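*Asks:* Residue numbers (the working numbering), protein chains in the order written: chain C, 1287 to 1780; chain R, 45 to 293.
Virtual Cβ for every residue (Gly too), placed ideally from N, Cα, C.
On a predicted model such as this, the values are computed, not experimentally measured, just so you know.
Attaching a single structure in structure tokens format; questions to follow.
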Ligand SMILES: Nc1ncnc2c1ncn2[C@@H]1O[C@H](COP(=O)(O)OP(=O)(O)OP(=O)(O)O)[C@@H](O)[C@H]1O
Ligand SMILES: [Mg+2]
């Protein structure tokens, strides 16, 4: 019997033990009653102490959502979601948005610690050059179910004019900025899940980088779904003014549960002239067990607008979790010579389903985009790359390069590549390359002959396969992502 | 000491090894010659535990332990190394990283401390220099885009770094220029010692000039047909296998 099949069989007998973030935190919660209607939206808005215009915006989105239907075009399959059987608001009891870390529930601090998320701002050591230290520091916004529980380094960031805070706080404190940009990249009625999010979003991060400022540290948001039967609808908005730069990373996990949970986020990015936004995601929501029970339904709309000339937006994602991933981080390249990038590793194992990719909409002259997608399928999973490259008539001399590679482990899984290319400008160039490969028995045997365990061998081969994407991640996270890849494939091969 | 007794093996239901008896005492280098399709590579694979082959009978012990009972990586940790007739490509996997992972896995199995990247590179550079190999071999992806000869040299480099107790070289000399041939011989000769044995599968007497074997065995139709001293290789070079096989039949 071939090595891979044999190990696949062995592993099927052991249930999935790989997910190490599946613990539950016991904490007293404040829930909204189950179901979705205008009153629930009013409740969310009032809990967040929102201004009237925000509530109206939400209600408009809700009205639009009522008329929409769940998209059917993705290669994912799930029983119907009962949108009335969910809580749309769940927050740890205590006032939302504590003023300082001291006010944060110690249970929560403990949980984030367990997840390896530093919520304590380490004091600078005496005699150390603060500039060099800052570069190794990461500001974290921690979102627990429907609320942000802590945001670190806010004061340090303020000094350079950077705003990094929960979006609920931004709506209260910086209403003009929020009003100007929210929904400007992903309109409320953009799609079914975006409309739902616009109606009921609860928290998420807000980032504003002023003109010419290079954000002095990595920004990161950590999302944790904890409560049962609760949807998480976060909303993130990042604005980079002319000549500014920021690198932002988000991570996410959820407890191991038998029922599916819904996560529908919206992320909007705006880059003005010469601004650069690097947005990295390590998505590790609970994927369900080896038989496909439980796991997060991850329906996410992420889009960046390169509004300014020579602006650049770069998406890097490592998607290992979720039962279903439906996600297409995109760039609208409006500015002249603006640049869009999409680097993706999507791993599916057991019964996971991923339909992910990107859209690059070229409007500006000389705009360029690069798409590197690495899909890895194992077990009984299905992994689809779906990507659109559109060259509008105005996109003179625009360029796109797409490289789309799939790696199969075992013979029960599927990999699919669905590229859409539309060019309405004869000077625009679009290149698309695609490959599909398998981890061959002879590769595994070669590694094992040299002394590597089968698992280490798969880890090496998979990391080799993903190298072009992993090198785009911020250093600190690249190592973590490599380990995560190995863990999520644990059981697929040994 | 490697002891093979009455070893039979098949692929699917096709028997390939039909009762191999062979003993390689510690400290000795033995050559295996034989016609194409005789089962030489199969013997190497079966000894190292490739799963496509089914062992249907016989025993193999290495320093007293039952090899056939072990996983391939356990055999590697026990000191067995196979230089592949056709080395495998690992796209995206850096050669140095691959070798360090392998060496550390073996060291772990022996309860030894692992080498960090710096310590390993020092060792690997020294070995590649000794074998007159360009440094960039370590930086490239395992066997990807290597010429036929470079792949064989890379096998020798891996052997030099992993320092096995039993090396099986499967036609590592095929497709090599004269200088590289010496490198292969040097690679094996450098490891020679009272604890090291080697099985060198080859079609060419030439390699055996540099790497004088203690014994030469002829494998045909899945069994050892004849064994002798180094002069047997010279004889085969002149007369070929046909007469010998006819005689045995
Ligand atoms: N996967 C396989 N399926 C079917 N037959 C196989 C397979 N592998 C090897 N064989 C057969 O087993 C026999 C022995 O092959 P092996 O590779 O061991 O020969 P060899 O002595 O190494 O030959 P060479 O000198 O050409 O390298 C051959 O007849 C070969 O065709
Ligand atoms: Mg052979």
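State the beta-bridge partners of residue 1536 of chain C as determined by DSSP.
*Replies:* Residue numbering aside, residue 1536 of chain C sits at position 250 when the first chain is read from its first letter. Partner(s): C:1507 and C:1567.
*Asks:* Can you tell which of R:69, R:85 and R:103 has the C-alpha that lies nearest to the C-alpha of residue 49 of chain R?
*Replies:* One-based indexing of the second chain puts residue 49 of chain R at position 5. The shortest Cα separation from residue 49 of chain R among R:69, R:85 and R:103 belongs to R:103.
*Asks:* Between the Cα of residue 1560 of chain C and those of C:1445, C:1537, C:1496 and C:1508, spot the shortest distance and give me the residue it belongs to.
*Replies:* In the first chain, the residue the question calls residue 1560 of chain C occupies position 274. Per the Cα distances, C:1496.
*Asks:* Hey, how far is the Cα of residue 1602 of chain C from the Cα of residue 89 of chain R?
*Replies:* Taking the first residue of the first chain as position 1, residue 1602 of chain C is located at position 316. Taking the first residue of the second chain as position 1, residue 89 of chain R is located at position 45. Going from the Cα of residue 1602 of chain C to the Cα of residue 89 of chain R covers about 42 Å.
*Asks:* Candidates C:1467, C:1343 and C:1488: which alpha carbon is nearest residue 1317 of chain C's?
*Replies:* Position 31 of the first chain, counted from the start, is the residue given in the question as residue 1317 of chain C. It is C:1488 whose Cα lies nearest to the Cα of residue 1317 of chain C.
*Asks:* Measure the CB-CB distance between residue 83 of chain R and residue 55 of chain R and report whether it falls below 8 Å.
*Replies:* Within the second chain, the letter at position 39 stands for residue 83 of chain R. Within the second chain, the letter at position 11 stands for residue 55 of chain R. No; because the gap between Cβ atoms is not below 8 Å, this pair is not in contact.
*Asks:* Locate the alpha helix (DSSP H) running through residue 1528 of chain C, then write down its first and last residues.
*Replies:* The count along the first chain starts at 1 and reaches residue 1528 of chain C at position 242. That residue, residue 1528 of chain C, is in no alpha helix (DSSP H); it is neither H nor E in DSSP.
*Asks:* To which residues of the same chain is residue 79 of chain R closer than 8 Å at the C-beta, ignoring the five residues directly before and after it?
*Replies:* In the second chain, residue 79 of chain R corresponds to position 35, counting from 1. Here the set comprises 264, 285 and 289.
*Asks:* Given the structure, does residue 96 of chain R come close to ligand 2, in the sense that its CB is under 7 Å from one of the ligand's heavy atoms?
*Replies:* On the second chain, residue 96 of chain R is found 52 positions in, with the first residue counted as 1. If you check the C-beta of residue 96 of chain R against ligand 2, you find no heavy atom less than 7 Å away.
*Asks:* To the nearest whole angstrom, what separates the beta carbons of residue 1483 of chain C and residue 1550 of chain C, a pair I think is in contact under 8 Å?
*Replies:* In the first chain, the residue the question calls residue 1483 of chain C occupies position 197. In the first chain, the residue the question calls residue 1550 of chain C occupies position 264. Between residue 1550 of chain C and residue 1483 of chain C the Cβ distance is about 5 Å, and since that is below 8 Å, they are a contact.
*Asks:* Check whether chain R comes within 8 Å of residue 1750 of chain C, counting only Cβ atoms and requiring the distance to be less than that.
*Replies:* In the first chain, counting from the first residue as 1, residue 1750 of chain C sits at position 464. True, the Cβ-Cβ gap to chain R drops below 8 Å.
*Asks:* With a floor of 4 residues, list each alpha helix (DSSP H) that falls wholly inside the region 1441–1475 of chain C, ordered by position along the chain.
*Replies:* Here the runs fully enclosed are 1453–1459 and 1461–1467.
*Asks:* In chain R, which residues lie with their C-beta within 8 Å of the C-beta of residue 1799 of chain C?
*Replies:* There is no way to answer for residue 1799 of chain C, as the model of chain C reaches only from 1287 to 1780.
*Asks:* According to DSSP, is residue 1625 of chain C helix, strand or coil?
*Replies:* As a first step, residue 1625 of chain C must be located in the first chain, where it is residue number 339. Taken through DSSP and simplified to helix, strand or coil, residue 1625 of chain C comes out as strand.
*Asks:* Check whether the Cβ atoms of residue 1650 of chain C and residue 1701 of chain C sit closer than 8 Å, and answer yes or no.
*Replies:* In the first chain, residue 1650 of chain C corresponds to position 364, counting from 1. In the first chain, residue 1701 of chain C corresponds to position 415, counting from 1. With respect to the 8 Å criterion, residue 1650 of chain C and residue 1701 of chain C are not classified as neighbours on the basis of their beta carbons.
*Asks:* May I have the straight-line CA-CA distance separating residue 1647 of chain C from residue 158 of chain R, to the nearest angstrom?
*Replies:* On the first chain, position 361 is the one that residue 1647 of chain C refers to. On the second chain, position 114 is the one that residue 158 of chain R refers to. Cα to Cα, residue 1647 of chain C sits roughly 49 Å from residue 158 of chain R.
*Asks:* Taking 8 Å as the cut-off, decide whether the C-beta atoms of residue 123 of chain R and residue 209 of chain R are in contact.
*Replies:* What you label residue 123 of chain R is simply residue 79 of the second chain in a count that begins at 1. What you label residue 209 of chain R is simply residue 165 of the second chain in a count that begins at 1. The answer is yes: Cβ separation under 8 Å.
*Asks:* Under DSSP, the alpha helix (DSSP H) around residue 1645 of chain C begins and ends at which residues?
*Replies:* The count along the first chain starts at 1 and reaches residue 1645 of chain C at position 359. First-last for residue 1645 of chain C: 1639–1648, but that is the beta strand (DSSP E), not the alpha helix (DSSP H).
*Asks:* Within a Cβ cutoff of 7 Å, which residues of the same chain sit near residue 53 of chain R, ignoring the five residues on either side of it in sequence?
*Replies:* Indexing the second chain from 1 puts residue 53 of chain R at position 9. Hits under 7 Å: 60, 61, 86, 90, 97, 98, 99 and 100.
*Asks:* Using only CA atoms, which one of C:1314, C:1625 and C:1553 lies nearest to residue 1683 of chain C?
*Replies:* Here residue 1683 of chain C corresponds to residue number 397 of the first chain, with the count starting at 1. It is C:1625.
*Asks:* Can the beta-carbon of residue 167 of chain R be found closer than 8 Å to that of residue 205 of chain R?
*Replies:* Along the second chain, one-based indexing puts residue 167 of chain R at 123. Along the second chain, one-based indexing puts residue 205 of chain R at 161. Going by C-beta atoms, residue 167 of chain R is nearer than 8 Å to residue 205 of chain R.
*Asks:* Under the three-state reduction of DSSP, which class applies to residue 1492 of chain C: helix, strand or coil?
*Replies:* Here the question's residue 1492 of chain C lines up with position 206 in the first chain. The answer is strand: DSSP assigns residue 1492 of chain C an E or B state.
*Asks:* Can you tell me where the alpha helix (DSSP H) holding residue 1726 of chain C begins and where it ends?
*Replies:* As a working note, residue 1726 of chain C is residue 440 in the first chain. Per DSSP, residue 1726 of chain C belongs to no alpha helix (DSSP H) and is neither H nor E.
*Asks:* So if I threshold CB-CB distances at 9 Å, which residues from the region 1686–1715 of chain C count as touching chain D?
*Replies:* Of the protein chains in the structure, C and R, none is chain D.
*Asks:* Closer than 8 Å between beta carbons: that is the criterion. Which residues of the region 181–202 of chain R meet it against chain C?
*Replies:* If the cut-off is 8 Å between Cβ atoms, the region 181–202 of chain R has 185 and 202 near chain C.
*Asks:* What's the C-alpha gap between residue 228 of chain R and residue 1725 of chain C?
*Replies:* Mapped onto the second chain, residue 228 of chain R falls at position 184. Mapped onto the first chain, residue 1725 of chain C falls at position 439. Taking the straight line joining both Cα atoms gives about 30 Å.
*Asks:* Using the beta-carbon of each residue, which ones in chain R are nearer than 7 Å to residue 1731 of chain C?
*Replies:* Your numbering for residue 1731 of chain C matches position 445 in the first chain. Those within 7 Å of residue 1731 of chain C in chain R are 94 and 116.
*Asks:* Measuring only from the beta carbon, is residue 1668 of chain C closer than 7 Å to any heavy atom that is part of ligand 1?
*Replies:* Start at 1 with the first residue of the first chain, and residue 1668 of chain C comes out as number 382. Flag unset: Cβ of residue 1668 of chain C not near ligand 1.
*Asks:* Can you tell me which of the three DSSP states residue 1677 of chain C falls into?
*Replies:* If you number the first chain from 1, residue 1677 of chain C lands on position 391. It is a strand residue.
*Asks:* Skipping 5 residues on each side, what residues in its chain have a beta carbon closer than 6 Å to that of residue 1687 of chain C?
*Replies:* Along the first chain, read from residue 1 onward, the residue named residue 1687 of chain C stands at position 401. Hits under 6 Å: 1656 and 1717.
*Asks:* Can you pull the DSSP bridge partners for residue 1427 of chain C?
*Replies:* Your numbering for residue 1427 of chain C matches position 141 in the first chain. Bridge partners of residue 1427 of chain C: C:1437 and C:1507.
*Asks:* In whole angstroms, what separates the C-alpha of residue 1764 of chain C from that of residue 1579 of chain C?
*Replies:* As a first step, residue 1764 of chain C is located in the first chain; it is residue number 478 there, counting from the start. As a first step, residue 1579 of chain C is located in the first chain; it is residue number 293 there, counting from the start. If you take the alpha carbons of residue 1764 of chain C and residue 1579 of chain C, they lie about 30 Å apart.
*Asks:* Distance, Cα to Cα, residue 1631 of chain C vs residue 1604 of chain C?
*Replies:* Indexing the first chain from 1 puts residue 1631 of chain C at position 345. Indexing the first chain from 1 puts residue 1604 of chain C at position 318. Note on geometry: alpha-carbon atoms of residue 1631 of chain C and residue 1604 of chain C lie some 5 Å from one another.
*Asks:* What do you reckon, is the C-beta of residue 1574 of chain C under 7 Å from a heavy atom of ligand 3?
*Replies:* Absence of ligand 3 from the depicted structure is noted, with ligand 1 and ligand 2 being the only ligands included.
*Asks:* List the residues of chain R whose Cβ lies closer than 7 Å to the Cβ of residue 1728 of chain C, in chain order.
*Replies:* The residue you call residue 1728 of chain C lines up with position 442 of the first chain. The contacting residues are 132.
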